[in-house]
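Residue numbers (numbering that gives the first Met the number 0): 0 to 380.
Right, one structure below, let's go through it.
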Amino acid sequence: MKEQILAKFAELFGGESPVFASAGRINLIGEHTDYNGGYVFPGAIDKVIMAAIRPNGTDKVRAYSIDYGQMCEFGLKEEDKPEQQWARYIFGVCRETAKRGGKVEGFDTVFCGNVPLGAGLSSSAALESTFAYAINELWQNGIDKFELARIGQSTEHNYCGVKCGIMDQFASCFGKAGCLIRLNCKTMEYKYFPFNPKGYRLVLLDTCVKHELASSAYNKRRESCENAAAAIRKRHPEVEFLSDAKRLWLDEVREEIPQEDFLRAEYVIGEVQRVLDVCDALERDDYEIVGEMMYQTHFGMSKLYEVSCDELDFLARLARKMDVTGCRVMGGGFGGCTINLVKDELYQPFIEAAKAQFSAKYGHEPKVYDVVISDGASRIA
Ligand code: GLA
């Protein structure tokens, strides 16, 4: 990938360039908990966005996306927001860096990636983190890694319309090979957990389904959670985020909030606890419990949070039927992947059955991604 990028860069702009990369992520458990101040448990993966980025001495960015085969040129002022969605991520990162007092001037860039788009693997966070990291280094802004992650998150909020949490950008910036990271999204305390389950494999099955209205549905989920938290806060002022609430407290406000908000909150409160239970189970090498929690998460995401879809539910049911240890929809939902914890000896039969039965029903095979937990943002040349 690096050679391809540098060759294109030389062709378009001439000469050489520094190269940066940042990763997509998986999340073992802890979904839709980040913007509720709860725990998440992600890790960066060996699928990246990579970019050659070189200051050009002007006040314009000239960006070329190899994957889209498109060039986009834009200025760095608020009113210069480009048309193309992919370019808005880069523009947003520049703006958010500037808003934090960082220096950003014009640059030339060529980038591409192998993080599958719309699969729930955070290709957009990988893109944001690559540019946040690179700009910070090229102009020596000295912004710390937490703030680099927040630059990506604010880019989503202010330039892409998704009110996301911090998980994806955090994982992309803090990822470490072989480790999952448990992050408390309220305090931003985190801990690396070496993850190498003996006798098991983590594999993703991509339904290749991508729902159009995913970002507005996502923002709606967030609003429901905030409504529920606000209702609880009236009785329990210590509740800053929904994750601070006890299950009992939610029951107290059941009649005061819409049923939909109640169900969303019920899921979130359960999910925050499941992350802790999974971490405990991992410390005992108890993968059966880890897997059971994954199934519980799937149930909650499907029936309470309602971010699953037919194809994902089908794969989760098949996994259960075949005694796969754990399976659930991963990431924001509304399509994308299931993450599966599967015993070595079951891996092959499971993948074969999933391909055959899924394609018999939906007309195409799910894509299979083996998970390799890898490093996050870095300069690679
Ligand atoms: C998306 C968001 C994250 C997180 C997940 C769900 O990936 O970007 O912040 O909320 O969905 O866990």
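Ideal placement from N, C-alpha and C gives every residue a C-beta, glycine not left out.
Check: Where residue 304 sits in the DSSP three-state scheme; Outcome: coil
Check: Near ligand 1: residue 164 beta-carbon under 6 Å from a heavy atom; Outcome: yes
Check: Contact set for residue 361: own chain, Cβ-Cβ below 7 Å, skip 5 residues either direction; Outcome: 310
Check: Residue 59 - containing beta strand (DSSP E), residue span; Outcome: 59-64
Check: Nearest-angstrom beta carbon gap, residue 273 and residue 300 [assumed within contact, 8 Å]; Outcome: 11 Å between Cβ atoms; not a contact.
Check: Proximity winner among 140, 366, 39, relative to residue 98 (alpha-carbon distances); Outcome: 140
Check: Where residue 214 sits in the DSSP three-state scheme; Outcome: helix
Check: Best match in 119, 116, 147 for proximity to residue 100 [C-alpha to C-alpha]; Outcome: 147
Check: Nearest neighbour of residue 119, chosen from 352, 364, 372, 25 [CA to CA]; Outcome: 25
Check: Rounded Cβ spacing between residue 126 and residue 54 (contact assumed at less than 8 Å); Outcome: Actually they do not touch by this definition, with Cβ atoms about 19 Å apart.
Check: Range of the contiguous alpha helix (DSSP H) that encloses residue 172; Outcome: 166-173
Check: Burial state of residue 44, where buried means 16 or more other Cβ atoms lie within 10 Å; Outcome: buried
Check: Under the three-state DSSP convention, the category residue 72 falls into; Outcome: strand
Check: Opposing strand residues paired with residue 377 [DSSP bridges]; Outcome: 20
Check: Cβ pair residue 343, residue 198 closer than 7 Å; Outcome: yes
Check: Rounded separation between residue 254 and residue 122 - CA only; Outcome: 40 Å
Check: Buried or exposed (CB count within 10 angstroms, at least 16 for buried), residue 155; Outcome: buried
Check: Whether residue 114 touches residue 4 by CB criterion (7 Å); Outcome: no
Check: Cβ-based burial, residue 340 [other Cβ within 10 Å; buried from 16]; Outcome: buried
Check: Beta-carbon spacing of residue 179, residue 194 below 7 Å; Outcome: yes
Check: Opening and closing residue of the beta strand (DSSP E) in which residue 199 lies; Outcome: 199-209
Check: Contact the stretch 209-218 vs the stretch 237-251: 3+ CB pairs below 8 Å; Outcome: no
Check: Inter-residue spacing [alpha-carbon to alpha-carbon] between residue 261 and residue 225; Outcome: 11 Å
Check: Per DSSP, the bridge partner or partners of residue 182; Outcome: 39, 189
Check: Residue span of the beta strand (DSSP E) that contains residue 338, given as start and end; Outcome: 334-342
Check: Any non-hydrogen atom of ligand 1 within 6 Å of residue 297 CB; Outcome: no
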